[in-house]
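As structure tokens, the structure follows; a few thoughts come after it.
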Amino acid sequence: MAIADKRLQRREIITKAVCGKGRKFSTITHTVTPPHHPTSILGAWIINHQYEAVKSGNGIEVIGSYDINIWYSYSKNSQTDVAKETISYVEHVPLSYVDPRHRASTEEVSADATQEPNCVEATVSSNGTSVLIRVEREFAVEMVAETKVYVIVDPVGGEDDGKDVDFGVGEDADYEDLDSDLLEDDL
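Residue numbers (the numbering used here): 17 to 203.
Next comes the structure, spelled out in structure tokens:
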């Protein structure tokens with residue numbers, strides 16, 4: 017063991033860090049019943065999406081709502097109307113990674129809609145009285161909390177001239193195999 021290694025000490029630092037992550041893609045079908053029996057669907061879209069994230073058991077729940085607007089024809093395609101319905105949802109997103117040493121009392125959760133709710137298909141139901149809307153959505157969630165990070169410290173500090181530090185690269189290192197196109201020009 018080198019003399020420098022004897023001076024090194026381990027310290028614990030408490031810091032906020034991402035201690036949990038998750039992602040979930042889902043497809044759901046909603047049934048909207050307009051005031052008139054639809055003949056055909058002329059358009060369907062989703063607006064006013066709002067959501068928030070809350071910690072729930074071993075995951076994060078995304079609680080939100082959005083409005084579905086359906087432009088449709090009725091009376092044998094002789095008239096049109098727009099049906100509107102507000103949908104509320106709760107999406108449980110499991111955490112695929114969780115730091116077991118985080119402090120639970122400091123948890124903060126967030127969600128990001130990586131794919132906003134989007135209507136991918138709208139069809140008139142088989143009984144002809146309602147519209148089936150297939151919606152896709154995706155969320156990425158994170159949990160930030162306090163956790164411990166371990167670092168190696170030299171208590172003497174800046175007095176080391178660096179001569180006894182071994183980074184594993186000798187003076188006769190072979191750099192000829194490096195691809196010069198991959199090197200950063202700004203360095």
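Idealized CB from N, CA, C, for every residue including glycine.
In this structure, the beta-carbon distance from GLU154 to ARG39 falls below 9 Å. Taking the Cβ atoms as the reference, SER91 lies roughly 14 Å from LEU58, outside the contact range of under 8 Å. Ranked by Cα distance from HIS52, the options ASN74, ILE63, ILE76, VAL147 are led by VAL147. Within the same chain, CYS35, ALA161, GLU162, THR163 come within 7 Å of HIS118 by CB-CB distance, once the 5 residues on both sides are set aside. Counting only the Cα atoms, PRO171 lies some 56 Å from ASN64.
The C-alpha of ALA138 lies about 16 Å from the C-alpha of TYR82.
For THR145, the three-state secondary structure derived from DSSP is coil. Looking at the DSSP output, VAL165 sits in a beta bridge with ILE29. The beta carbon of PHE41 sits closer than 8 Å to the beta carbons of GLN131, GLU152, ARG153, GLU154 from its chain, once the five residues preceding and following it are set aside; these are given in chain order.
Sequence-distant Cβ neighbours of VAL70 in its own chain, meaning closer than 6 Å and more than five residues away, are GLU77. Cβ neighbours of VAL48 within its own chain (closer than 7 Å, five residues either side excluded): ILE84, ILE86, ALA99, GLU101, SER146, VAL147, ILE149. Excluding five sequence positions before and after CYS135, the CB atoms of its chain that fall closer than 8 Å to its own CB belong to ALA60, TRP61, ILE62, ILE84, ILE149, ARG150, VAL151, given in chain order.
Taking all protein chains shown into account, TYR67 has 16 or more neighbouring C-beta atoms within 10 Å of its C-beta and is therefore buried.
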